[in-house]
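**Q**
In the numbering used here, the protein residues as written are 3 to 399.
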């Protein structure tokens, strides 16, 4: 087992105090959005070994079959296939979607052939991997997630008589829900630059002036204030508004259009940078590519349901790269799966990781370890709250 030092990503939407509170450090007044635990090249963790410290990717590269285990190395190569994050959102993230594995691979190869630098702002696919993700709420967490019935959006547009509202009503009246939602989102992402700000401003002014009620009432106004002229503010009306309570989780597969709004959570995902954005951002938006990737199905909110095994709650969604395990909060005695590389983060309290092979480790809130595949079974005991990421099942799910 190797203790980890992890890096904080200071994105503008991040909270000021949540991550410092986790780590026991003083806030410096700047946004601290995500704590990354893993081997992602953007902010790899440092692993502390008996003979010194090294980056986690270097530790893996030195002996992937021993560190990752033969099965993981054969399935994913010499890389950790998942990334664990502690996420603290004070403001909304971009409205986005992730490609499936085939689209990610073909898109990456096409942009490579075209000679687009991998760090170019307008590049869509920065690696050949998909990016499903699972989010576990640690406090009430607000999100937009997946499409709701077009009729629900039409009901919210009742009484509005501006140009954009009338056009969206017509789009959403199509009998086929896929066609209706595609038409509405296409319209919003294709508004002429010369009229976009005016049309969105007219919509938002009439929306707020009519004293709207319901789950989306304040969201439209808030998003429009944060991102003036951005069609994502109006596109929020097409999506489900979701509040997760502590312990609830969402699994977001490829094609699910979503945006996180506010809250603190743990997130685990396939290690990838492939994000296509629809709005609520100053970053690149490729509307045609995004519209080809989005799943326009009306589906139930994709809550992830845990199983219970060996004293832990475990989430094993349909993603072969990862599973997430939660132990606690409270007095705990549990076992980790012990069949592959594991990243463990203590959220609070004090717990002992007891290994059958080698020495154990004591973790306090904010501390973390990387457990090699050859460490054998690990027992977790103490009083606290712990999450752990492992590789998923071969088939996913």
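Note that beta-carbon positions come from the ideal geometry of N, C-alpha and C, so glycine has one too. All values reported here derive from a predicted model rather than from experimental measurement.
Within a Cβ cutoff of 7 Å, which residues of the same chain sit near residue 399, ignoring the five residues on either side of it in sequence?
**A** Its pLDDT being 45, under 50, residue 399 is placed unreliably in this model, and the coordinates cannot settle the point.
**Q** What separation, rounded to the nearest whole angstrom, lies between the Cα atoms of residue 143 and residue 68?
**A** For residue 143 and residue 68, the distance between alpha carbons rounds to 38 Å.
**Q** Check whether the stretch 151-165 touches the stretch 99-119, taking contact to mean three or more Cβ pairs, one atom from each stretch, closer than 8 Å.
**A** The answer is no - the stretch 99-119 does not touch the stretch 151-165, with fewer than three Cβ pairs under 8 Å.
**Q** Assign residue 369 to buried or exposed, taking buried as 16 or more other Cβ atoms, counted over all protein chains shown, within 10 Å of its Cβ.
**A** Residue 369 should be labelled buried.
**Q** Assign residue 310 to buried or exposed, taking buried as 16 or more other Cβ atoms, counted over all protein chains shown, within 10 Å of its Cβ.
**A** Classification for residue 310: exposed.
**Q** Are residue 245 and residue 20 closer than 7 Å when you measure CB to CB?
**A** No, the Cβ-Cβ distance between residue 245 and residue 20 is not below 7 Å.
**Q** Report buried or exposed for residue 126, applying the criterion of at least 16 other Cβ atoms within 10 angstroms of its Cβ.
**A** The residue is buried, with at least 16 neighbouring Cβ atoms inside 10 Å.
**Q** Can residue 296 and residue 151 be called in contact, C-beta distance under 7 Å?
**A** No. Outside cutoff.
**Q** Got a sec? Which residues, its chain only, sit under 8 Å from residue 50 by beta carbon, not counting five neighbours each side?
**A** Correct list, in chain order: 4, 5, 6 and 7.
**Q** If we ignore side chains and look at the alpha-carbon of each, how far apart do residue 271 and residue 237 end up?
**A** Roughly 25 Å between the two C-alpha positions.
**Q** Report the rounded CA-to-CA distance for residue 46 versus residue 242, giving the unit in angstroms.
**A** Cα to Cα, residue 46 sits roughly 34 Å from residue 242.
**Q** When DSSP builds the beta bridges, which residues end up paired with residue 334?
**A** Paired residues: 384.
**Q** Are the stretch 213-227 and the stretch 249-257 in contact at 8 Å, needing three or more beta carbon pairs?
**A** Touching, no, given that fewer than three Cβ pairs across the two stretches are closer than 8 Å.
**Q** One question on the structure: do residue 190 and residue 255 come within less than 7 Å of each other, judged by their Cβ atoms?
**A** Not closer than 7 Å, so no.
**Q** Mind checking who residue 364 pairs with in its DSSP beta bridge?
**A** Paired residue(s): 354.
**Q** For residue 120, count neighbouring C-beta atoms within 10 Å of its own C-beta (all shown protein chains included) and say buried if the count is 16 or more, exposed if not.
**A** Looking at its Cβ environment, which holds fewer than 16 other Cβ atoms inside 10 Å, residue 120 is exposed.
**Q** Assign residue 54 to buried or exposed, taking buried as 16 or more other Cβ atoms, counted over all protein chains shown, within 10 Å of its Cβ.
**A** Counting Cβ neighbours within 10 Å, residue 54 comes out exposed, since fewer than 16 surround it.
**Q** Which value, in whole angstroms, describes the spacing of the CA atoms of residue 257 and residue 90?
**A** Roughly 24 Å between the two C-alpha positions.
**Q** Residue 32 and residue 12 - do their beta-carbons sit closer together than 7 Å?
**A** Yes; because the gap between Cβ atoms is below 7 Å, this pair is in contact.
**Q** Tell me whether the stretch 384-394 and the stretch 350-357 touch, counting them as touching only if at least three CB pairs, one residue from each stretch, are closer than 8 Å.
**A** With the cut-off at 8 Å, the stretch 384-394 and the stretch 350-357 touch.
**Q** At what residues does the beta strand (DSSP E) containing residue 314 begin and finish?
**A** Per DSSP, residue 314 belongs to the beta strand (DSSP E) from 314-317.
**Q** Classify residue 194 as buried or exposed, calling it buried when 16 or more other Cβ atoms lie within 10 Å of its own Cβ.
**A** Answer is exposed; the Cβ neighbour count stays below 16.
**Q** Go ahead and label residue 307 buried or exposed: buried means 16 or more other beta carbons lie within 10 angstroms of its beta carbon, across all protein chains shown.
**A** Exposed, since its Cβ has fewer than 16 Cβ neighbours within 10 Å.
**Q** Within 10 angstroms of its Cβ, does residue 1 collect 16 or more other Cβ (buried), or is it exposed?
**A** With the chain covering only 3 through 399, there is no way to say anything about residue 1.
**Q** Going by beta carbon distance, what residues of the same chain come within less than 6 Å of residue 172, once the five residues before and after it are set aside?
**A** Contacts found: none.
**Q** Does the count of Cβ pairs from the stretch 129-148 and the stretch 92-101 closer than 8 Å reach three?
**A** Because the criterion of three Cβ pairs below 8 Å is met, the stretch 129-148 and the stretch 92-101 touch.
**Q** Leaving out five residues before and five after residue 277 in sequence, what residues of the same chain have Cβ atoms less than 6 Å from its Cβ?
**A** So the list reads 98, once near-sequence residues are dropped.
**Q** Just confirm the distance between the C-beta atoms of residue 186 and residue 170, as a whole number of angstroms; I'd bet it's less than 8 Å.
**A** About 5 Å separates the two Cβ atoms, so the contact holds.
**Q** Among the residues of its own chain, which have a CB less than 7 Å from the CB of residue 336, if the five just before and after it don't count?
**A** Excluding sequence neighbours, residue 336 sits near 312, 313, 314, 329 and 382.
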